[in-house]
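Protein chains in written order, with my numbering: chain A, 14 to 304; chain B, 14 to 304; chain C, 14 to 304; chain D, 14 to 304; chain E, 14 to 304; chain F, 14 to 304. Notes follow once the structure below has been shown.
6 protein chains.
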Amino acid sequence: MTDVDPPRLAAREAVARALAEDVLPLGDLTASLVPEDATALGAIAARVEGVVAGRLCALEAFALMDDRLDVDWRLPDGSDLEPGSVIAQVSGPLRSLLTAERTALNFLCHLSGIATLTRRYVEAVALAGGSTRVLDTRKTTPGLRALEKAAVRAGGGFNHRGNLSDAILVKDNHLGGLVIAEAVSAARAQWPGRMVEVECDRAEQVIEAVEAQAAAVLLDNMSPEEVRKCVALVRERTQPGATLVEVSGGVNLETAPAYARAGADLISVGALTHSAPSLDIGLDLIDIGGR
Amino acid sequence: MTDVDPPRLAAREAVARALAEDVLPLGDLTASLVPEDATALGAIAARVEGVVAGRLCALEAFALMDDRLDVDWRLPDGSDLEPGSVIAQVSGPLRSLLTAERTALNFLCHLSGIATLTRRYVEAVALAGGSTRVLDTRKTTPGLRALEKAAVRAGGGFNHRGNLSDAILVKDNHLGGLVIAEAVSAARAQWPGRMVEVECDRAEQVIEAVEAQAAAVLLDNMSPEEVRKCVALVRERTQPGATLVEVSGGVNLETAPAYARAGADLISVGALTHSAPSLDIGLDLIDIGGR
Amino acid sequence: MTDVDPPRLAAREAVARALAEDVLPLGDLTASLVPEDATALGAIAARVEGVVAGRLCALEAFALMDDRLDVDWRLPDGSDLEPGSVIAQVSGPLRSLLTAERTALNFLCHLSGIATLTRRYVEAVALAGGSTRVLDTRKTTPGLRALEKAAVRAGGGFNHRGNLSDAILVKDNHLGGLVIAEAVSAARAQWPGRMVEVECDRAEQVIEAVEAQAAAVLLDNMSPEEVRKCVALVRERTQPGATLVEVSGGVNLETAPAYARAGADLISVGALTHSAPSLDIGLDLIDIGGR
Amino acid sequence: MTDVDPPRLAAREAVARALAEDVLPLGDLTASLVPEDATALGAIAARVEGVVAGRLCALEAFALMDDRLDVDWRLPDGSDLEPGSVIAQVSGPLRSLLTAERTALNFLCHLSGIATLTRRYVEAVALAGGSTRVLDTRKTTPGLRALEKAAVRAGGGFNHRGNLSDAILVKDNHLGGLVIAEAVSAARAQWPGRMVEVECDRAEQVIEAVEAQAAAVLLDNMSPEEVRKCVALVRERTQPGATLVEVSGGVNLETAPAYARAGADLISVGALTHSAPSLDIGLDLIDIGGR
Amino acid sequence: MTDVDPPRLAAREAVARALAEDVLPLGDLTASLVPEDATALGAIAARVEGVVAGRLCALEAFALMDDRLDVDWRLPDGSDLEPGSVIAQVSGPLRSLLTAERTALNFLCHLSGIATLTRRYVEAVALAGGSTRVLDTRKTTPGLRALEKAAVRAGGGFNHRGNLSDAILVKDNHLGGLVIAEAVSAARAQWPGRMVEVECDRAEQVIEAVEAQAAAVLLDNMSPEEVRKCVALVRERTQPGATLVEVSGGVNLETAPAYARAGADLISVGALTHSAPSLDIGLDLIDIGGR
Amino acid sequence: MTDVDPPRLAAREAVARALAEDVLPLGDLTASLVPEDATALGAIAARVEGVVAGRLCALEAFALMDDRLDVDWRLPDGSDLEPGSVIAQVSGPLRSLLTAERTALNFLCHLSGIATLTRRYVEAVALAGGSTRVLDTRKTTPGLRALEKAAVRAGGGFNHRGNLSDAILVKDNHLGGLVIAEAVSAARAQWPGRMVEVECDRAEQVIEAVEAQAAAVLLDNMSPEEVRKCVALVRERTQPGATLVEVSGGVNLETAPAYARAGADLISVGALTHSAPSLDIGLDLIDIGGR
């Protein structure tokens, strides 16, 4: 497994579900027009520029459909794509190849779309010249979190919380009457060693969070200028890296460089997983035999 | 069930999977900061214009999280949203409400995004003044087909094939050496009564398909002008509605009216389900008690 | 995959469930009498005449039980069986062979029973000399639809609707106050391109359905003579194949030829899947070694 | 739960699977012709004589489809049916009622078919005037064992082994070189207290089995006269009930009384579960409102 | 499969669940520190004395994680372990090995703990010199029954009921107003041939149970002396083995020999599965390459 | 939900699996001796001292078995138990109550065993008078992690990592040639904001880890005296709480106070979840009616 692959069992389970959606109960009616013994060689190729992700899912889709399908994968997740880039070659029974095609491509196009959008954010942020990193959020497509978070990594992004169970992110609604110091302290008391991050709307809250030694502050819906001020407040009070500054809300490809220049350590972007358009990848039959 | 709801068990299964993704194994760490007996009233409201979809999923998410959560749903799927439109009110234990929030919203935002983009295509096509209908494709997000196809209906669109098992769509790769008449005939022989559609690249193929009494011809990647010619070929040879003309490929919100004006019965758009951006819907706490 | 095989994942899932039913929690108590290293060669053979179906399921059952079991399958689904016909040979560890035997045979006997009954109907109908085809219905055994519909194909029959989601079949209860033309038109409006079939009790309804260009009329519980009249009404009004005539209800092996002679295009028989007796297929040990 | 109900979770799981088979992905296309607010009252009624089974499954099917459907169940599993007997009344939204109808009936018809055939065997055996009981086997429909074995009980039959894990049944293939006494002893040694039954082809084996204190002997494919002799051998050597005599193979409704008169304690009949024809039960709409 | 292996599909399902628990959604964060191409050879070794069980589960864990992991299993389930005994060697990609390690060990340590405690009871009982056997109960860890009962066999113990569905065990609460003879008779009437065991608190009940030909009596919470008297009552009235005497309650490693000497045929010990401490087994990396 | 409850869907899924294990396929054979209309009131009561956990699971078990069972739960998870403490009262159909009893108790006894052992460690550590906290590990019973980690919280303990996906714990095997500073830095670079903990065998490593600003150091298998020295090294170099000191290995109830006195912030104990003996909790029928 590479760092940009999802856990294999996540791929396997999602593919089984997707293939069942597409072929049950009667199988591929149209494929019955194809002679049983016809074979083919096909190329999975990018139609546009982008970044590929979803290798494990596509491999599982072909394997689950028919173990006689042979796949030669050429570009690992995270590879750059040009129009025409051949990602993989698939050969074997034509019927099975045609039946599995859409399932394999639905994963590849969706996940490559996420990797590609992530890469664009990473590049936008890189323009600022700093070390700001791009993060995903929990705003993932239901049922595909493990796969989508891996696609973000493939695009050069990083993963925020996997879910509600692995880190503390204190928002306004959690505070009730508590001041930030109390909330951070309560969180640490209940969940020792876990990362505690605090969402801040105002400069005073940032100071409170830093003094409470929060691992990160989340600046939501601030302007780059406001972010810059908050970053300064943090830097004055902590060692480098002790409290990370995360920015979210109102970030898009145009504004991302400004936020990066403002000194944010992390920029989290829900759109990476909830609004990335599909990347156009297709399967071309190169050669058909046996019919 | 309404026509725009998915089968309830599709919603239930998808929600269980999504909620598990977000809360296992330890639950919502941050929610432990909230007093156990705190209650709240929240409003699910649109931040932007659009069309809502995903009601059943959101209801299931709150119910599965905590059956003490009470949901008053106000706008059924397919309703128009203005910024600020209140879609539903949720009341009950604050912890549970905060924990279920993201799962419920992930469904609502994703499916409303699809309904909204569908509506835009429907409106674009309506500009042409004809009776052209907007269809989805099999390019759905893996694992969510039933839900996404219902969201398309909520947006005023229509459903193409549910999957490979319910209709025949003959493409080039299926033909091998067969002429279209043979393929349609073979398909009818094998799958009596099923809809048979034929993908056509050229005018001659359209004529062949019509003569073979195909239920529909799929014109892929043609210009509106080419479509107009093919429509004429079809209309000359059939009773109204006997062979539908479907257009796909190269259709976007700008070009859709031209394709509609060209006389297409159906315009199918993969982007409805593979590239609709999430619709911005949020949950606002109106009132918090018991803490 | 052949046309008479079910989707492989349908077979896999059903077999896992069936094997779990038969061996959990303690395994096969009796097999513990057999020495661990005993091996055997067995033949799966027909005891009676019939048609075989269920190959994929039997293969999965042996493979899931023990991957050291080696199966040499000789007669693909749809093959004719005589008493004694050897369908497959299985060799490997005797314990595993005995443990998997019943699960494999339960699938084979059940599905071959369906294929065999289907074949009898196909033959009965063929006596009429026309092109009438035999169809299944949605009256399948719960949980086995994909497998049973494939077995019908193996027997030479054809598949009606896979489920409620893939075609429209308007029955009396759906009409309410609508006349048939309105119902067909509403169905077409809502589900463009889908096959619309109309159940008809009377000749006038048949005429209405034909005029509404229904893809098929379903004549339920009519006598062959009534069917003949309805067929004539249809033929007078349509091109060949434009509206199919389906007969159901009151059809059995004795009456089927009369219905076929009456000109029905399709005869659908619920009994194919809900009442086919099991076909007697057994496993004979030919040779036992290693003990 | 009654003795003739299956475990409820077996019903629930099977129904969820069956309903999914019938309505995914798009739901019931035809039901969309029915006004959303139409309601109905329907009666589930027998068309023929028989014995009902499957109550829990039918209840689950309606409940899972739509919790607004209200079911008044009148005849518990095991009740006698005459043509026209009303088994249950269902009221609520007409759309949901029509959509769930086939799933509910598929269970009811299949399981009532099993109960009915069982009842016929029970009655045939009762003609002999003794206390012979009718048993099922492991030849059940894959995935439905719990439900089918409950249907056998509803018909007045009894359950043989639930599966390979709950009793020992020594057949020829298990013996290898062992004599019966050794096999029984080995089985007892490995699985203390479990029922051990021995399949016997010849009188000497019966004697061996009785002397080994087998709980039962299985006489496979013997004539009634041979059975009578074996019963005598058993009765001479044991207290009543100490070793039961089970007969299987070659038993049908005609021969069953003779086997019972021959003194068999148990007659096991694979056909109860593998070949029972579906019982004809339908749903009649009595009243339709709200449209 | 050996007698001490669980059904393979029980192992497979449990392992998939456990591995998912440990690696979803993001995979093994720490493993990303390890170079992708690093490989290793590791030894699974006992740290303490005991008995090994769980082979199939450990094999599945490594295989499911990464099929490039190669496992050389040396000590089958039931083997004695000394501190340092090498149970298996695993080689392959270091990342995958480290990621799967804990899942594999959690099964091995838990199941070997059960096998080890069982062996201790077996040895304690053997001190008495008789033929008393040690049994498990239904007090197993939820979800792991098949695996834990196999581990008991690996330790030299035997399996009591697999579940509520495979034998009758009449306790006080089942009797209501019935006398034992009636209850046994009713159980036999309803479930022919099944083992019927009766829990007895007093000597009279033992006599009643024996006279009712119960297959076993369960003496709960009696002293060894009371057991001895009950055994005598049984032996006086039955042939050897006809009614087994089972002892449960108050049995521990100290008292077990006394109960065995008192003549009990079976001693059942809930602690085998509900309270066996984990056996200390670890994985040592012997050699690391490729980095 | 309270802080000591697991996510409800974890309880629900585990209970469905466990109940299926215990009642399929035939249900509770013995319960058929009980009249169908008998009802009962039962008390779930502790036989020994301890701490209760598992409420949600027991509630689900009774509810899933029969929704007519009414449960009055009296002692929430985390409550102290004395011998005789009534945890809950259950009333309803006697059959269902007896059938669900063991499943409910298996969860309660197992999880309360964990809570109780945890409490003992918490009390042992409290003797030291400091603020040391007791943690669990990933050495949980396969399939039950969410439930067991909640039981640890019920006992007053705290949760370490939920799984491999939510924090970084650098061990020797991960380091390869890296020095600690590089590893921590690489981990932070790849997984921003996540807790990074470093396992240390020697004092120099502790210093390296502190200088790398690890969130915690894990001192494995050190003596209390060694721990004391390491704690001092940490305290000299960091603000309070900036780097936590965790101790594991060689900790038991006797040694725990010494480790606490040595100044460890956290003591993690695998035995909490892998070796806690079951707590003796039973169900007593108080009153039986209707028979």
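All C-beta atoms, glycine included, are put in the ideal place defined by N, C-alpha and C. All of these numbers come straight from a predicted model, not from anything done at the bench.
CB contact check: residue i to chain B, cutoff 8 Å
{"i": "Arg30 of chain A", "result": "yes"}
{"i": "Asp16 of chain F", "result": "yes"}
{"i": "Pro38 of chain A", "result": "yes"}
Three-way DSSP call (helix, strand, coil) for residue i in this model
{"i": "Ala275 of chain F", "result": "coil"}
{"i": "Thr116 of chain E", "result": "helix"}
{"i": "Gln252 of chain A", "result": "coil"}
{"i": "Pro290 of chain E", "result": "coil"}
{"i": "Ala180 of chain B", "result": "coil"}
Chain C within 8 Å of residue i, Cβ atoms only
{"i": "Asn186 of chain D", "result": "yes"}
Min CB distance residue i to chain E below 8 Å
{"i": "Pro205 of chain D", "result": "yes"}
{"i": "Leu182 of chain D", "result": "no"}
Residue i and residue j closer than 8 Å at C-beta
{"i": "Phe75 of chain D", "j": "Ala113 of chain D", "result": "yes"}
{"i": "Val64 of chain F", "j": "Thr154 of chain F", "result": "no"}
{"i": "Gly263 of chain E", "j": "Lys152 of chain E", "result": "no"}
{"i": "Leu160 of chain A", "j": "Cys243 of chain A", "result": "no"}
{"i": "Ala199 of chain B", "j": "Leu46 of chain A", "result": "yes"}
{"i": "Glu34 of chain C", "j": "Arg108 of chain C", "result": "no"}
{"i": "Leu110 of chain F", "j": "Ala53 of chain F", "result": "yes"}
{"i": "Ala255 of chain F", "j": "Gln203 of chain A", "result": "no"}
Buried or exposed by the 16-neighbour rule on C-beta atoms within 10 Å, applied to residue i
{"i": "Asn176 of chain C", "result": "buried"}
{"i": "Pro96 of chain E", "result": "exposed"}
{"i": "Gln218 of chain E", "result": "buried"}
{"i": "Gly302 of chain A", "result": "exposed"}
{"i": "Gln252 of chain D", "result": "exposed"}
{"i": "Val192 of chain B", "result": "exposed"}
{"i": "Asp93 of chain E", "result": "exposed"}
For residue j and residue i, believed in contact at Cβ under 8 Å, the rounded distance
{"i": "Leu285 of chain F", "j": "Val61 of chain F", "result": "That pair is no contact at about 18 Å."}
{"i": "Arg174 of chain A", "j": "Gly156 of chain B", "result": "Not quite, the Cβ-Cβ distance comes to about 22 Å (not below 8 Å), so this is no contact."}
{"i": "Leu148 of chain E", "j": "Ser281 of chain E", "result": "4 Å"}
8 Å Cβ cutoff, residue i in contact with chain A
{"i": "Gln226 of chain F", "result": "yes"}
{"i": "Glu34 of chain B", "result": "yes"}
Short CB-CB distance (under 8 Å) between residue i and chain D
{"i": "Gly254 of chain E", "result": "yes"}
{"i": "Met78 of chain E", "result": "no"}
Interface flag, residue i vs chain F, CB-CB below 8 Å
{"i": "Gly302 of chain E", "result": "no"}
Distance cut-off 7 Å: residue i Cβ against heavy atoms of the ligand ADP
{"i": "Cys213 of chain D", "result": "With respect to the ligand ADP, the structure offers nothing, as it holds no ligand at all."}
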